[in-house]
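Residue numbering for the sequence shown follows our numbering, beginning at 502 and increasing consecutively.
Below is one structure, written out as structure tokens; comments come after it.
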Amino acid sequence: MAIEEFNGNKLMKIRKEKGFTQTSLAKKINSCYTTIAKLERGEYTPSEKYFQKLCDALGVEPSALMDPDEELLEEVEKITRVFEQFRKMAL
502 MAIEEFNGNK
512 LMKIRKEKGF
522 TQTSLAKKIN
532 SCYTTIAKLE
542 RGEYTPSEKY
552 FQKLCDALGV
562 EPSALMDPDE
572 ELLEEVEKIT
582 RVFEQFRKMA
592 L
């Protein structure tokens, strides 16, 4: 499993959907809220053991925390389209 594909934005979204605060999720996996915050901001990549604890606590499959962030991909596509429009106008 490539933990490098971990998506902190997905963690935050799912955590909130499941009704956890950073503190309550951290307590459930015997961690601290600052670690959860850093994972969500992309400052840390979890170990395989920690990653599995997160999945178990949230009741999700590993792929749920590793999928690309669809909202971010949509924003990138919008920016790309705008860039292309400006590029065409400059030609």
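Here a beta-carbon is modelled for each residue, glycine too, at the ideal position from N, C-alpha and C.
- Assignment of Y534 by DSSP, reduced to helix, strand and coil, places it in the helix class.
- Rounded to whole angstroms, S564 and G520 show a C-alpha spacing of 20 Å.
- Our two residues, P547 and I504, have alpha carbons roughly 7 Å apart in a direct line.
- The straight-line gap separating the alpha-carbon atoms of Q553 and I530 is approximately 10 Å.
- Per DSSP, F587 is one residue of the alpha helix (DSSP H) stretching across E571 to A591.
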